[in-house]
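502 is the number of the first residue of the sequence shown in the numbering used here; add one for each residue after it. A quick write-up on the structure given underneath.
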Amino acid sequence: MAEKLPEHPEFLWNNPEPKKSYDVVIVGGGGHGLATAYFLASRHGITNVAVLERGWLAGGNMARNTAIIRSNYLWDESAHLYEHSLKLWEQLPEELEYDFLFSQRGVLNLAHTLGDVRESVRRVEANRLNGVDAEWLTPEQVKEVCPIINTGDNIRYPIMGATYQPRAGIAKHDHVAWALARKAQELGVDLIQNCEVTGFRTEGDRVTGVETSRGTIHAGKVALAAAGHSSVVAKLAGLDLPIQSHPLQALVSELFEPVHPTVVMSNHVHVYVSQAHKGELVMGAGIDQYNGYGQRGAFHVIEDQMAAAVELFPIFARAHVLRTWGGIVDTTFDASPIISKTPIDQLYVNCGWGTGGFKGTPASGYTFAHTIATDEPHPLNAAFSLERFETGFLIDEHGAAAVAH
502 MAEKLPEHPE FLWNNPEPKK SYDVVIVGGG GHGLATAYFL ASRHGITNVA
552 VLERGWLAGG NMARNTAIIR SNYLWDESAH LYEHSLKLWE QLPEELEYDF
602 LFSQRGVLNL AHTLGDVRES VRRVEANRLN GVDAEWLTPE QVKEVCPIIN
652 TGDNIRYPIM GATYQPRAGI AKHDHVAWAL ARKAQELGVD LIQNCEVTGF
702 RTEGDRVTGV ETSRGTIHAG KVALAAAGHS SVVAKLAGLD LPIQSHPLQA
752 LVSELFEPVH PTVVMSNHVH VYVSQAHKGE LVMGAGIDQY NGYGQRGAFH
802 VIEDQMAAAV ELFPIFARAH VLRTWGGIVD TTFDASPIIS KTPIDQLYVN
852 CGWGTGGFKG TPASGYTFAH TIATDEPHPL NAAFSLERFE TGFLIDEHGA
902 AAVAH
């Protein structure tokens with residue numbers, strides 16, 4: 502029986518002391534860990550679950566992303582996974598009984614070269630074959646969707662067209678985490694903050710629990726969902742993961758009246774821009790090329806993304822930057838996630854989402870929960886196994902789009 506919430510509306514979840522043992526321990530209290538706990542409880546009836554978070558709940562990448570949601574990926578495996586995620590996004594506000602400001606305002610992916618155009622048209626047709634809503638727009642149609650964008654031919658990389666996914670959009674990332682946390686706790690899940698995993702308990706080739714800063718916790722199964730620190734945590738169990746961690750920066754402007762009606766992404770000049778519900782312009786760019794765990798980045802990346810944004814949106818020229826920040830993205834060599842059992846019995850891993858983690862939150866939790874509960878992959882994540890790096894059956898979204906957003 503779930504512990505009753507305090508009679509205070511500001512308390513969305515409690516802070517219980519960890520029990521001595523759980524059926525499942527999830528390492529990582531971000532969006533993917535919370536979604537996994539929620540779907541374990543709601544879809545599989547597994548409620549004796551603990552989510553362990555080193556800091557505060559959803560204080561890592563979940564609080565440090567640009568909140569873009571889309572499913573228009575090229576390869577079949579990716580398209581199916583992200584489209585399932587988008588369908589879950591569409592139903593979760595009602596299911597979780599929480600308005601997390603999911604706004605289907607559409608996403609434009611700009612094309613600036615003939616190569617961009619060919620790749621973009623190919624992706625639109627591939628999307629349609631997979632039942633994903635996708636359109637190819639001319640520069641004139643781009644201007645209709647987003648009137649403030651510069652479609653003139655007097656810029657360094659003129660817009661030659663764009664892909665458009667009308668059902669895509671944004672959501673309020675903090676509210677998503679709070680909604681998942683509240684519902685998971687209502688179903689009996691323990692959410693344990695300020696609890697760092699420092700090691701694993703094993704018997705032979707089987708994991709039996711975790712050592713933490715708050716004592717030993719025994720577990721029937723352990724699931725890793727630690728995003729940028731996944732390789733560090735897995736190493737404590739003697740497992741080397743094929744991922745690298747990089748800083749990824751973003752920034753927001755001061756508040757403005759609504760001027761930007763959609764989401765615009767440009768891989769070629771590498772900037773993506775939306776306007777948050779409060780009014781800030783939210784901008785991101787590519788990862789810093791060095792490996793690291795600092796939640797910050799190099800200034801030249803910010804400088805380049807602002808230059809690209811002002812060229813595409815001259816109206817932004819006098820906007821002031823309010824703040825910048827960085828997340829820690831874990832990237833695989835094929836820019837696709839790992840949702841998989843591991844060689845260590847009863848240890849599971851969910852990582853490698855690169856810059857696509859937020860949009861994949863619902864499907865990540867849904868398929869990871871299925872894998873943990875049944876000890877078999879869901880059809881949607883069967884291809885995203887660790888074994889693909891041995892067999893060569895990669896899902897190369899990096900090669901397909903040169904970016905994993």
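We treat Cβ as the ideally placed atom computed from N, Cα and C, and that holds for glycine.
Contact between the segment 528 to 548 and the segment 795 to 815 is absent: fewer than 3 CB-CB pairs across the two stretches fall below 8 Å. CA-CA distance, residue 597 to residue 681, rounds to 7 Å. Residue range 800 to 813 is occupied by the alpha helix (DSSP H) that includes residue 807. Linking residue 517 to residue 851 through their CA atoms gives a straight-line distance of about 25 Å.
Its chain contains 531, 678 as the residues whose beta carbon lies nearer than 6 Å to that of residue 559, once the 5 sequence neighbours on both sides are disregarded; these appear in chain order. In the DSSP assignment, residue 604 forms a beta bridge with 671. For the options 585, 564, 572, the alpha carbon positioned closest to that of residue 879 is the one of 585.
Residue 690 carries a coil assignment under DSSP once its states are collapsed to helix, strand and coil.
For residue 533 against residue 862, the beta-carbon gap comes to about 6 Å, under 8 Å, which counts as contact.
Here residue 617 carries a helix assignment [DSSP, helix/strand/coil]. One alpha carbon belongs to residue 822, the other to residue 795, and they sit about 21 Å apart.
Here residue 848 has 708, 723, 738 as same chain residues with Cβ atoms under 7 Å from its own Cβ, once five neighbours each way along the sequence are excluded.
Within the same chain, and ignoring the five residues on either side of residue 697 in sequence, the residues whose Cβ sits closer than 7 Å to its Cβ are 555, 713, 714.
Within the segment 534 to 571, the runs of beta strand (DSSP E) that reach at least 3 residues and sit entirely inside it are, in chain order, 550 to 553.
In the DSSP assignment, residue 590 falls within the alpha helix (DSSP H) that extends over 577 to 597. Three or more Cβ pairs closer than 8 Å define a contact, and the segment 605 to 612 falls short of that threshold against the segment 874 to 889. Of the candidates 684, 626, 625, 638, the residue whose Cα lies closest to the Cα of residue 513 is 684. Distance check between residue 617 and each of 660, 841, 836, 543 places 660 closest, using alpha-carbon atoms only.
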